[in-house]
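**Q** The structure's right below; bear with me while I get my questions together.
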Amino acid sequence: MWTDIIDHFSNLDKRPGERLGLLVGGLLLFWIIEGAIPLLQPAYKKSKLRHASVNFGFTLIHLLIHTFLAVVIVLLSDWCRREGFGIVYWTGAGVLGTILLSFLVLDFFGGWLVHITEHKLGALWRFHVVHHADNNVDVTTGLRHHPVESVLRGFFFFAGILVSGAPMYAVMIFQTLLVLSTAFTHANIALPRPLDRALSWVLVSPNMHKVHHHWQQPYTDSNYGAVLSIWDRLLGTYRALDPTQIRYGLDRYYPNEHDENFMMLLKKPFQKQEGKRP
Numbered sequence: 041m042w043t044d045i046i047d048h049f050s051n052l053d054k055r056p057g058e059r060l061g062l063l064v065g066g067l068l069l070f071w072i073i074e075g076a077i078p079l080l081q082p083a084y085k086k087s088k089l090r091h092a093s094v095n096f097g098f099t100l101i102h103l104l105i106h107t108f109l110a111v112v113i114v115l116l117s118d119w120c121r122r123e124g125f126g127i128v129y130w131t132g133a134g135v136l137g138t139i140l141l142s143f144l145v146l147d148f149f150g151g152w153l154v155h156i157t158e159h160k161l162g163a164l165w166r167f168h169v170v171h172h173a174d175n176n177v178d179v180t181t182g183l184r185h186h187p188v189e190s191v192l193r194g195f196f197f198f199a200g201i202l203v204s205g206a207p208m209y210a211v212m213i214f215q216t217l218l219v220l221s222t223a224f225t226h227a228n229i230a231l232p233r234p235l236d237r238a239l240s241w242v243l244v245s246p247n248m249h250k251v252h253h254h255w256q257q258p259y260t261d262s263n264y265g266a267v268l269s270i271w272d273r274l275l276g277t278y279r280a281l282d283p284t285q286i287r288y289g290l291d292r293y294y295p296n297e298h299d300e301n302f303m304m305l306l307k308k309p310f311q312k313q314e315g316k317r318p
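Numbering-wise, the numbering used here puts 233 at position 193 of the sequence shown, and it's gapless, one number per residue.
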């Protein structure tokens, strides 16, 4: 079984069509579900399709950038394997141990750590604002990242590979689950509260992540996790808020009425900001 898993994911980076199909399939699945059981009633400026087109614009740029970052990811992973560098090699972890250790480290660096860094450093926050400026968080919001932020996240992911020594099959397993988790946690879906609460003890659940998109601090500065919720619980950044109290957007930094202005969103981080991180 493990041989089949390793063989499948070891070469997944060479099958971009399959990876794209997974991304699109996940988006479509949760697009349908959020239409059937919405958590909050959206108030799109024009329509859901218009809102999605803005976010897909950022998604396409993100995917182009990631195509170049993927080359570095492969080189780093192969170097770690040749040199025996990283936690999975230093500990002599087997296949299962390698998958688990790689997943933990990559989720910490590429999920929690880069995210909290973007919130704490004003120079990075101005780019991350693009993500938080969305007044109608849904499945398409997940990959709504400014191009500069996409590059930054790539560098933190590189660090995660170096620390863990993650081989390519472990990297691809993590990235596959990350894509699905991103769609799931941003989708405007209302899970039964007991189920959502139970999930949030280990995984980032939809309600948990929606708290992060609440318009006011300190809720905005909480729940930074990508796939696993354990980092927020262990490091004191977990917060809960009743979904009925959640309101999306920002209370400063960016005019909410322009949250679907694609060109303004691209240019605004390079201009003088109206608000600053406290």
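By construction, the Cβ of each residue, glycine as well, lies at the ideal position given by its N, Cα and C atoms.
#1: Taking all protein chains shown into account, do 16 or more other C-beta atoms lie within 10 angstroms of the C-beta of residue 221, making it buried, or fewer, making it exposed?
#2: Taking the alpha helix (DSSP H) that residue 159 belongs to, which residues open and close that run?
#3: Cα separation between residue 69 and residue 246?
#4: So residue 238 and residue 151 are supposed to be a Cβ contact under 8 Å. How far apart are they, rounded?
#5: I'd like to know whether the C-beta atoms of residue 145 and residue 127 end up nearer to each other than 8 Å.
#6: By how many angstroms is the C-alpha of residue 231 removed from the C-alpha of residue 187?
#7: Can you look up residue 209 in the DSSP assignment and give me helix, strand or coil?
#8: Leaving out five residues on either side along the sequence, give the residues of the same chain with a beta carbon under 8 Å from the beta carbon of residue 189.
#9: I need the boundaries of the alpha helix (DSSP H) containing residue 147, first residue and last residue.
#10: Taking Cβ to Cβ, would you say residue 280 is nearer than 8 Å to residue 74?
#11: Does DSSP put residue 186 in a helix, in a strand, or in coil?
#12: Which residue wins for smallest C-alpha separation from residue 302, given the options 92, 121, 116 and 274?
#13: If I follow the unbroken alpha helix (DSSP H) through residue 258, where does it start and stop?
#14: Kindly say whether residue 311, judged by its beta-carbon, lies nearer than 8 Å to any beta-carbon of chain C.
#15: Please list, in chain order, all residues of the same chain as residue 308 whose beta carbon is under 7 Å from its beta carbon, the five residues on each side excluded.
#16: Tell me whether residue 268 sits in a helix, a strand or coil according to DSSP, three-state version.
#17: From this set, 194, 59 and 51, which residue's C-alpha is nearest residue 219's C-alpha?
#18: Taking the straight line between their C-alpha atoms, what separation do you get for residue 311 and residue 162?
#19: Would you call the region 131 to 150 and the region 87 to 105 in contact, with 3 or more CB pairs under 8 Å?
#20: Within the same chain, show all residues whose beta-carbon is closer than 6 Å to that of residue 296, passing over the 5 residues directly before and after it, in chain order.
#21: Could you tell me which of 261, 100, 287 and 234 sits nearest to residue 255, measuring between CA atoms?
#22: Using the Cα positions of residue 63 and residue 198, report the straight-line distance between them to the nearest angstrom.
#23: Is the distance from the Cβ of residue 268 to the Cβ of residue 242 below 8 Å?
**A** So, from the listed chains and residues:
#1: buried
#2: 154 to 160
#3: 15 Å
#4: Actually they do not touch by this definition, with Cβ atoms about 21 Å apart.
#5: yes
#6: 32 Å
#7: helix
#8: 158, 164, 167, 168, 170 and 171
#9: 135 to 147
#10: no
#11: coil
#12: 92
#13: That residue, residue 258, is in no alpha helix (DSSP H); it is neither H nor E in DSSP.
#14: The displayed structure is made up of one protein chain only, and chain C is not part of it.
#15: 294
#16: strand
#17: 59
#18: 13 Å
#19: no
#20: 175 and 289
#21: 287
#22: 22 Å
#23: yes
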